[in-house]
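One structure below.
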Amino acid sequence: MQEMTKMEKIVGLCKRRGFVYQGSEIYGGLAGTWDYGPLGVALKNNIKKLWWERFVLGREDVYGLDAAIIMNPAAWVASGHAQGFADPAVQCKKCGAYWRTDHVIASQLVEEGNYLCPLGSCRTALGTEEELNKQSKSFNMMFTTSVGAGEESAIKTYLRPETAGGIFVNYKNVLDSMHPKLPFGIAQIGKAFRNEIAPRDFLFRAREFEQMEIEYFINPKTWETTFEEWREEMHGWIKAIGLPVSMVHELEVPKEDLAHYSRRTIDFEFDYPFGRSELYGMAYRTDFDLASHAQASGVDLTYFDEATGERFLPHVIEPSLGVDRTALALLCASYTEDSMNEDSRVFLKLSPRLAPVTVAVFPLLRNKTELVARAREIYALLRQAQVGAVVFDDNGNVGKRYRRQDEIGTPWCVTVDFDTLGEKPEARDTVTLRDRDTGKQERVNINELTDILESKLV
Ligand code: ATP
Numbered sequence: 001m002q003e004m005t006k007m008e009k010i011v012g013l014c015k016r017r018g019f020v021y022q023g024s025e026i027y028g029g030l031a032g033t034w035d036y037g038p039l040g041v042a043l044k045n046n047i048k049k050l051w052w053e054r055f056v057l058g059r060e061d062v063y064g065l066d067a068a069i070i071m072n073p074a075a076w077v078a079s080g081h082a083q084g085f086a087d088p089a090v091q092c093k094k095c096g097a098y099w100r101t102d103h104v105i106a107s108q109l110v111e112e113g114n115y116l117c118p119l120g121s122c123r124t125a126l127g128t129e130e131e132l133n134k135q136s137k138s139f140n141m142m143f144t145t146s147v148g149a150g151e152e153s154a155i156k157t158y159l160r161p162e163t164a165g166g167i168f169v170n171y172k173n174v175l176d177s178m179h180p181k182l183p184f185g186i187a188q189i190g191k192a193f194r195n196e197i198a199p200r201d202f203l204f205r206a207r208e209f210e211q212m213e214i215e216y217f218i219n220p221k222t223w224e225t226t227f228e229e230w231r232e233e234m235h236g237w238i239k240a241i242g243l244p245v246s247m248v249h250e251l252e253v254p255k256e257d258l259a260h261y262s263r264r265t266i267d268f269e270f271d272y273p274f275g276r277s278e279l280y281g282m283a284y285r286t287d288f289d290l291a292s293h294a295q296a297s298g299v300d301l302t303y304f305d306e307a308t309g310e311r312f313l314p315h316v317i318e319p320s321l322g323v324d325r326t327a328l329a330l331l332c333a334s335y336t337e338d339s340m341n342e343d344s345r346v347f348l349k350l351s352p353r354l355a356p357v358t359v360a361v362f363p364l365l366r367n368k369t370e371l372v373a374r375a376r377e378i379y380a381l382l383r384q385a386q387v388g389a390v391v392f393d394d395n396g397n398v399g400k401r402y403r404r405q406d407e408i409g410t411p412w413c414v415t416v417d418f419d420t421l422g423e424k425p426e427a428r429d430t431v432t433l434r435d436r437d438t439g440k441q442e443r444v445n446i447n448e449l450t451d452i453l454e455s456k457l458v
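The sequence shown begins at 1 in UniProt numbering and counts up one residue at a time.
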């Protein structure tokens, strides 16, 4: 049997252990959609919580927002998305699949000067680069929908392709209600939708995904220094979530590839098992959005600087982060195979603040009521102490429970045994605390357990 690739193993683990399922699976799925199970939603929520704590609660100059996904279509005309949010695509005449032309070229699957269909089971010649560019048709990736009853009166609009749109149309609201001084940011976490030509690579390219975006409004004179500051912030975040620095690389996006609104973009790429690809983007959007919305809506969106007496349209630096690509990068970076006690094991080396389960509590044996009762007490104690997510597990033997918790990335397991109950008087009221990465167990006093866990969580 062919050995499974790392990606296949990660996808398998995600499904088996309740991280990620195929969207609408019982109906055969829907390409480009994924459903997060109990552990996946916990991981995603931890990512979003950490981001919000760091960039909204942790700063004086960033305000939170939760704007509607469905917006007045005029906003998407003004932003240029209704006309220009498109990718060139080619269709393979043999298998019928559509591909993004730039992805076909980047795949470098060439035979006798012809690029091949990227589908592994097809590989039909699609043509030379020149022919591909000629055949390409522009494909708008916005999902359309209609608002209101009745075919004639319903308005055709879009599901937002990026959360940024909701921020720009609320810029003046936030300015008027919070009176911030420049520079300041508006942050939002939410769903975005793109009818991707070829969704692929698990969570990497989905049609429905989540973004964490900040539009940081500045005086245009300072754009270069602010760009550098946010670049550092991006690296700080990447480090804080525990992605290895060596797996993240900056890519200066060439002028000809910049999005229609950007004057400068840096992509932060990650070494996924399927190759190096974008994790996050950071763009200098100039005043493109505010100028377009001001013109289209007729609302004055200028900012008055009391200190200098200047009136101008602020410019924008935008750090844009995908929640799903963060989850995927974390799963890929943390997936580890090793052997422990002569047994092979798989574990996720997730940062304790991101792991779906923080502590698992076990009674050594499930059929000894005293052990179970004591373990239940400790479980309740830890839950009350709010040391993250705590689970109780008495299924199978302790070795199997450790393996199960390792596989989902639980950093610590607490086991209640006969010594806890006083079989060895000197060990009464102590438990074992086991570390996921080393497998080492230490005996700790129950009274000190929450303090120890809290100190490890910092
Ligand atoms: P790509 O070049 O990979 O299509 P992009 O440059 O179009 O991505 P942006 O418009 O910069 O992406 O979106 C900001 C962030 O949103 C990306 O860095 C990524 O984290 C996330 N993202 C974008 N498209 C998708 C998608 N189809 N599936 C999952 N996440 C996405």
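From the three backbone atoms N, C-alpha and C, an ideal C-beta is built for every residue, glycine too. Owing to the predicted nature of the structure, the values given are computational and were not obtained by experimental measurement.
Within the same chain, and ignoring the five residues on either side of Trp51 in sequence, the residues whose Cβ sits closer than 6 Å to its Cβ are Met212. In the DSSP annotation of this structure, the continuous segment of the beta strand (DSSP E) that includes Tyr335 starts and ends at Tyr335 to Met340. For Gly150 and His179, the gap between their C-alpha atoms comes out near 42 Å. Residue pairing for Phe19: DSSP places it in no beta bridge.
Judged by DSSP secondary structure, Glu208 falls outside any alpha helix (DSSP H) and instead within the beta strand (DSSP E) spanning Glu208 to Ile218.
Judged by their CB atoms, Met282 and Arg231 are nearer to each other than the 8 Å cut-off.
Straight-line spacing of the CA atoms in Thr432 and Thr163 works out to 46 Å.
For Val346, the three-state secondary structure derived from DSSP is strand. Relative to ligand 1, the nearest heavy atom lies less than 7 Å away from the CB of Gly322.
Nearest C-alpha to Arg16 among Thr5, Pro118, Glu3 and Pro38: Pro38.
With fewer than 16 other beta carbons inside 10 angstroms of its own, Asn395 counts as exposed. Shown here, Cys413 sits in a strand according to DSSP, grouped into three states. For Met247, there is no enclosing beta strand (DSSP E), as DSSP gives it neither H nor E. The secondary-structure analysis by DSSP pairs Gly185 across a beta bridge with Val62 and Tyr216. Contact check between the region 362 to 382 and the region 44 to 59: fewer than three CB pairs, one atom from each, fall below 8 Å, which does not count as touching.
Taking every protein chain shown into account, the CB of Ser334 has 16 or more other CB atoms within 10 angstroms, so this residue is buried. Annotation: the continuous alpha helix (DSSP H) that includes His293 extends over Phe288 to Ser297. The C-beta distance from Thr286 to Arg311 rounds to 17 Å, too long to fall under 8 Å, and the pair is not in contact. The beta carbon of Ile189 sits closer than 6 Å to those of Lys48 and Met212, all from its chain and outside the five residues before and after it, given in chain order.
The C-beta separation of Leu182 from Asn219 comes to about 6 Å, placing the pair in contact by the 8 Å criterion. DSSP places Asn447 outside any beta strand (DSSP E); the residue lies instead in the alpha helix (DSSP H), whose first and last residues are Ile446 to Leu457. In the DSSP assignment, Asn140 falls within the beta strand (DSSP E) that extends over Lys137 to Asn140.
Taking 3 residues as the minimum length, the beta strand (DSSP E) runs contained wholly in the region 26 to 81 are 34 to 36 and 62 to 65, in order along the chain.
DSSP places Gly166 in the uninterrupted alpha helix (DSSP H) bounded by Ala164 to Val169. Between the C-alpha atoms of Ala198 and Trp99 there is a straight-line separation of about 6 Å. For Tyr272, the shortest C-beta to heavy atom distance toward ligand 1 is 7 Å or greater.
In terms of side-chain proximity, the C-beta atom of Phe217 is found no nearer than 7 Å to any non-hydrogen atom of ligand 1. Going by DSSP, Lys400 is part of the alpha helix (DSSP H) stretching over Val398 to Ile408. At least one heavy atom of ligand 1 lies closer than 7 Å to the C-beta of Ala206. Our two residues, Asn46 and Glu53, have alpha carbons roughly 10 Å apart in a direct line.
The beta carbons of Phe202 and Val11 sit about 6 Å from each other, so the pair counts as a contact at 8 Å.
Ile266 places its beta carbon 8 Å or farther from that of Val245. Secondary structure at Asn395: coil, using DSSP grouped into helix, strand and coil. In the three-state reduction of the DSSP assignment, Pro425 falls in the helix class. The region 232 to 272 is shown to contain whole beta strand (DSSP E) runs of 3 or more residues at 248 to 252 and 264 to 272, in chain order.
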